[in-house]
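So the sequence shown is numbered by the numbering used here: it starts at 1 and just counts up by one.
All C-beta atoms in this analysis are idealised placements derived from N, C-alpha and C, irrespective of residue type, glycine included.
As the structure is a computational prediction, the values presented were derived from the model and not from experiment.
Notes follow once the structure below has been shown.
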Amino acid sequence: MTRRLVVVGSGIAGLYAALVASDPETGAGSAAGPAEVVLLTKGTLEESNTFFAQGGVSAVLGPDEAAPGDSVAAHIADTLAAGNGLNDPEAVRVLCSEAVRDITALRRYGVAFDLGPGGAPLLGLEAAHSAARILHAGGDATGARIARGLVAAVLERAVQGRLRVQTGTFVTELLTGPAGAVTGVAYLAGGRRGRLDADAVLLATGGAGRLFARTSNPAVATADGLALAWRAGAAVRDLEFFQFHPTTLAAAEVPGGPPPLLISEAVRGEGALLLDAAGRRFMPDYHPAAELAPRDVVSRSIALHLAASGQPADSPVYLDARGIEAGRGSGFLARRFPGITAATRAAGYDWTSEPLPVSPAAHYWMGGVSTDLAGRTTVPGLYAAGEVARTGAQGANRLASNSLLEGLVFGRRAVEDFLGGEVPHNGTAPRASSAAGGLPLTHASAVPLRGSSKKGTSAAPTESFVKSGPEPFSRDALGRLMTAAAGVLRSGVELDAAAAQLSDWAAVVRPETVPDATDTREHEDRNLLLAARLLVDAARARTASLGAHYRTDSTAADAARPSATRPKQRIPS
Ligand code: SIN
1 MTRRLVVVGS GIAGLYAALV ASDPETGAGS AAGPAEVVLL TKGTLEESNT
51 FFAQGGVSAV LGPDEAAPGD SVAAHIADTL AAGNGLNDPE AVRVLCSEAV
101 RDITALRRYG VAFDLGPGGA PLLGLEAAHS AARILHAGGD ATGARIARGL
151 VAAVLERAVQ GRLRVQTGTF VTELLTGPAG AVTGVAYLAG GRRGRLDADA
201 VLLATGGAGR LFARTSNPAV ATADGLALAW RAGAAVRDLE FFQFHPTTLA
251 AAEVPGGPPP LLISEAVRGE GALLLDAAGR RFMPDYHPAA ELAPRDVVSR
301 SIALHLAASG QPADSPVYLD ARGIEAGRGS GFLARRFPGI TAATRAAGYD
351 WTSEPLPVSP AAHYWMGGVS TDLAGRTTVP GLYAAGEVAR TGAQGANRLA
401 SNSLLEGLVF GRRAVEDFLG GEVPHNGTAP RASSAAGGLP LTHASAVPLR
451 GSSKKGTSAA PTESFVKSGP EPFSRDALGR LMTAAAGVLR SGVELDAAAA
501 QLSDWAAVVR PETVPDATDT REHEDRNLLL AARLLVDAAR ARTASLGAHY
551 RTDSTAADAA RPSATRPKQR IPS
């Protein structure tokens, strides 16, 4: 009997998984027989974080193509080091050792990476990588090239009748059977409700950058998959770890508008320096690797340096790429980074002759729906892959260019598990990572969402919130609250105040009325609010700093202990 896989989301994980599932060599040839694949996405196929990715995909290819001396073991070591020991070592091993397989498949689907004069891939260096191992396409247009290649392949399959695509389809609910297994999805399309039965659902909905005021993410990144999974009863994990990219162009922004321009990590990989307003290079004061320190360190150092020099937290620092152009010859920046060159020029900057003002922006959520190595969540019949998932590969801070790779490897693994015919699986909880020391997925510090502050801690709003007073819910207000309280620097007092504010908003953005709403924006608001509350609760529970979670009120570094949260019956969602 044909089994149906519904894939939700059209970033790299969703597109690639749909292709693998409908591939005659995998899908139709599986032991369980051919799968019927339906790909749903709320916007167009191109609207995703993947499309905006500049740097590339990290992968150690075969001996002919890897940088001299590089190895999968080195990629694993770099990933673990950047992740501050919170990674699941087995997930990291899978990620790095299976990369070559999925890069080969990407090429088969028509994605062409940039090649050097000898025909070998041109490999870039990015922060916290010990070797040049970043594959890129179109210079700094890697995500767009990958997305376009995969979209073309998906559409070709759709024309051949081998998979079905529904764009403009917003999934509002995961349908579950009496035993709690996922049996399909409810959705809104063109203002009308629909339902689709499924033998399994793969969530590949991406991230949630729109929780914050400044984000590199496009407007679609509204935590939809996390919220759907949570409401269906799935465990989520490590939600306090949200990565801020250190270098996005500091320019006036339109709330809800296009994201600020990302200035790729690869630019620092080529040798760009960070300067303060006085023109002084400051990163060597904060980390021996300076501009090539892990991303969490660079963003935090910018915030600490601004605070130490008495400047407002949203002041820019400056990215100086002039030395690259001087060292590599006139025209190098335009050839290596054509997109950034054009976009900065359009914004009025000539980065060959002047430093660019840059600021950190919310970029990537390390936490997410907890999965095992086969992409299985704790809910039978529900898979997750890509940014929405917490596979354990990224730890407390993701290594640059490991995100597209994670979407590929674990998207494919989820499909393989589905095609293996084991769905619905037995609902066994994903294994606790070895870093967890065998902790169950729920532990003492994982508590239901709280409306009030923790016992014994002050509920008083911090100055930054008090000044503006209570304000009604809006995306803008949510972004400002999250940036102030749960951004690069955090404190218990601010997090407590944010929790109280979020709880107030949750009572007003009435969740019980939203399931009936036909405006998808209302559903997104509800999802964002739920995700914000989960993130803030996780951040309150981890009182010491670790990776991207930096508490200004903690003196000790935290043990690398994953956090976990499981939905409780009474949680407002
Ligand atoms: C970048 O090009 O700096 C972003 C790539 C990534 O997030 O890994």
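Taking a contact to require three or more Cβ pairs closer than 8 Å, the segment 224 to 235 and the segment 52 to 61 do not qualify as touching. Scanning the segment 472 to 504 from its first residue to its last, the whole alpha helix (DSSP H) runs of 4-plus residues come out as 475 to 486.
If you check the C-beta of L262 against the ligand SIN, you find a heavy atom less than 7 Å away. Taking a contact to require three or more Cβ pairs closer than 8 Å, the segment 1 to 14 and the segment 188 to 200 qualify as touching. Taking C-beta separations shorter than 6 Å and ignoring five residues to either side along the sequence, the partners of A290 in its chain run M283, P284, following chain order.
Under the 10 Å beta carbon count, L535 is surrounded by 16 or more other beta carbons and is classified as buried.
W365: member of the beta strand (DSSP E) spanning 356 to 365, first to last residue. Taking a 10 Å sphere around the C-beta of E406, we find 16 or more other C-beta atoms and assign the residue as buried. Taking the Cα of A498 as reference, the smallest distance to any Cα among P470, H523, V508, D519 is reached at P470.
Boundaries of the alpha helix (DSSP H) harbouring Y16: 12 to 21, taken from the DSSP string. Residue nearest to T520 within the set Y187, L529, A486 is Y187 (criterion: CA-CA distance).
Residue nearest to G83 within the set R322, G190, F241, R540 is F241 (criterion: CA-CA distance). Listed in chain order, the non-local C-beta contacts of A141 below 8 Å within the same chain comprise Q54, P338, G339, local neighbours out to five positions each way being set aside. Here R133 is near A59, since their CB atoms are less than 8 Å apart. Using a C-beta cut-off of 8 Å, the segment 286 to 301 makes no contact with the segment 345 to 356, since fewer than three inter-stretch Cβ pairs fall below that distance.
Between A250 and S353 a beta carbon distance of about 18 Å is seen, past the 8 Å cut, so the two are scored as non-contacting. Between the ligand SIN and the CB of A400, the shortest heavy atom gap is smaller than 7 Å. Between the ligand SIN and the CB of S315, the shortest heavy atom gap is not smaller than 7 Å.
In the structure shown, the three-state DSSP call for I302 is helix. The beta carbon of A137 lies closer than 7 Å to those of V111, A112, F113, D114, R145, I146 in the same chain, with the five residues before and after it left out. The alpha-carbon of A128 is positioned some 45 Å away from that of G177.
Per DSSP, F242 is one residue of the beta strand (DSSP E) stretching across 242 to 249.
Inclusion of L61 and S10 in the CB contact set at 8 Å is not warranted, their separation being larger than that value.
Following the DSSP letters along the chain, one finds E173 inside the beta strand (DSSP E) bounded by residues 169 to 176. The C-alpha of R376 lies about 44 Å from the C-alpha of P312. Under a 10 Å Cβ-count criterion, P68 is classified as exposed, with fewer than 16 other Cβ atoms of the shown protein chains found around its own Cβ. Rounded to whole angstroms, the separation of the alpha carbons of R322 and S330 is 10 Å.
Secondary structure at V60: coil, using DSSP grouped into helix, strand and coil.
Counting only the Cα atoms, Q160 lies some 47 Å from R480. In this structure, V369 places its C-beta atom within 8 Å of the C-beta atom of A389. S545 sits in a strand when the DSSP states are folded into three classes. For G407, there is no enclosing beta strand (DSSP E); the enclosing alpha helix (DSSP H) covers residues 403 to 419. In this structure, the C-beta of G149 stays at least 7 Å away from each heavy atom of the ligand SIN. Across the set A277, G392, S301, P357, the C-alpha of S301 shows the shortest separation from the C-alpha of P288.
Where T183 is concerned, the enclosing beta strand (DSSP E) starts and stops at 182 to 189.
Nearest to F212 by alpha-carbon distance, out of Y364, R107, E126, G233, is Y364.
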